[in-house]
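Colleague:
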Amino acid sequence: MARSRRRSGSNPIVAFFSKDPFGVTWFSLLFLAVLIAKWWYIDPPAISAESCLGCVTAILIIMAALTTAIISLFWILWRGKRQKKNLLFLFLICVLVLVCTGLLNMVSQEVFSQIYYRGFLRWQETDITYLLDDFLHHAAGLYLAVLMTYAMLRIAFDPGFSPRKYIIPINIVFILVAAFLLLVGILLY
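Each residue of the sequence shown is one higher than the one before, counting from 45 in my numbering.
#1: So, using beta-carbon positions, are F205 and N130 closer together than 8 Å?
#2: According to DSSP, is F238 part of a helix, a strand, or is it coil?
#3: Mapping DSSP to helix, strand and coil, what is F205?
#4: Quick check: what's the CA-CA separation for C144 versus T170?
#5: Considering only the beta carbon of each residue, do R126 and P65 sit closer than 8 Å?
#6: I need the straight-line Cα distance from L175 to F118, nearest angstrom please.
#7: According to DSSP, simplified to helix, strand and coil, what is K82?
#8: Let's see if you can read the secondary structure: which residues bound the alpha helix (DSSP H) around W122?
#9: For N215, which residues in the same chain have their Cβ closer than 7 Å to its Cβ, ignoring the five residues on either side in sequence?
#10: Assuming L148 contacts A184 (C-beta within less than 8 Å), just tell me the rounded distance between them.
#11: Let me know the secondary structure DSSP gives A46 once reduced to three states.
#12: Pairing CB atoms from the region 67-80 with CB atoms from the region 148-168, are three or more of them under 8 Å?
#13: Which partner residues of K129 appear in the DSSP bridge assignment?
#14: For I106, count the other beta carbons within 10 Å of its own beta carbon; 16 or more makes it buried, fewer makes it exposed. Which is it?
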């Protein structure tokens, strides 16, 4: 028994995911899947052929992962203080989701405009206008919906929350609303 515990404790993959209790890696993969579904299959943008949409998406995913790490850090600090995960924690996670969305939108606008003006992104002016005015704002909206859905799913399956009778119904409402907004955002934008 102790031997199997030691083996799982020495596994680098298990160790990596145990350091990230919120699951930023899983969220980033889910967000990447939503971006690929939206921008490559459902509604490809009308930009010139030499534009690197994959490069923009990769940079956006990296920024989203770094921004979402704020929630993971909050989760680790809350758990480190031995605080119970309760309705206050749920409220603070929702506030952090909104803060992270605003931060991602603001930072991505600044980063991509700097990348363009320094000559690293050789897009036509109409394409860069589309990127800054439409693509990044819509990606931030998708980020909000995916992050809210993911956060509520993550919280729903975490056994550390004390008033389970309140957390589960609240999470179900959040998940349904966020999933509906995500669907509307993908299809009707």
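Glycine residues also receive a C-beta, built at the ideal position from the N, C-alpha and C atoms.
Modeller: Based on what the coordinates show:
#1: The residue given as residue 205 occupies position 161 in the sequence shown. The residue given as residue 130 occupies position 86 in the sequence shown. Yes, Cβ-Cβ distance for F205 and N130 is below 8 Å.
#2: Residue 238 cannot be examined here, being either before or after the span of the chain that is shown, 45 to 233.
#3: Counting from 1 along the sequence shown, the entry for residue 205 is found at position 161. Reduced to three states, the DSSP call for F205 is strand.
#4: Mapped onto the sequence shown, residue 144 falls at position 100. Mapped onto the sequence shown, residue 170 falls at position 126. Going from the Cα of C144 to the Cα of T170 covers about 28 Å.
#5: If you number the sequence shown from 1, residue 126 lands on position 82. If you number the sequence shown from 1, residue 65 lands on position 21. No, the pair does not count as a contact, with Cβ atoms beyond the cut-off.
#6: Translated into the one-based positions of the sequence shown, residue 175 becomes position 131. Translated into the one-based positions of the sequence shown, residue 118 becomes position 74. Going by the C-alpha atoms only, they are around 31 Å apart.
#7: Taking the sequence shown and counting its residues from 1, one reaches residue 82 at position 38. Note: K82 maps to helix in three-state DSSP.
#8: To locate residue 122, count along the sequence shown from 1; it is residue 78. Note, W122: alpha helix (DSSP H), L97 to G124.
#9: Here residue 215 is taken as the residue at index 171 of the sequence shown, counted from 1. Answer for N215: M196, I199 and A200, listed in chain order.
#10: In the sequence shown, the residue the question calls residue 148 occupies position 104. In the sequence shown, the residue the question calls residue 184 occupies position 140. About 6 Å; that satisfies the 8 Å criterion.
#11: The count along the sequence shown starts at 1 and reaches residue 46 at position 2. Unreliable positioning characterises A46 in this predicted model, as indicated by a pLDDT of 49, which lies under 50. The coordinate reading is nonetheless provided below. Three-state DSSP puts A46 in a helix.
#12: In this structure the region 67-80 does not lie against the region 148-168, because fewer than three pairs of beta carbons, one per stretch, are closer than 8 Å.
#13: Taking the first residue of the sequence shown as 1, we reach residue 129 at position 85. F205, per the DSSP bridge assignment.
#14: For the purposes of this step, residue 106 is taken as residue 62 along the sequence shown, with counting starting at 1. Answer is exposed; the Cβ neighbour count stays below 16.
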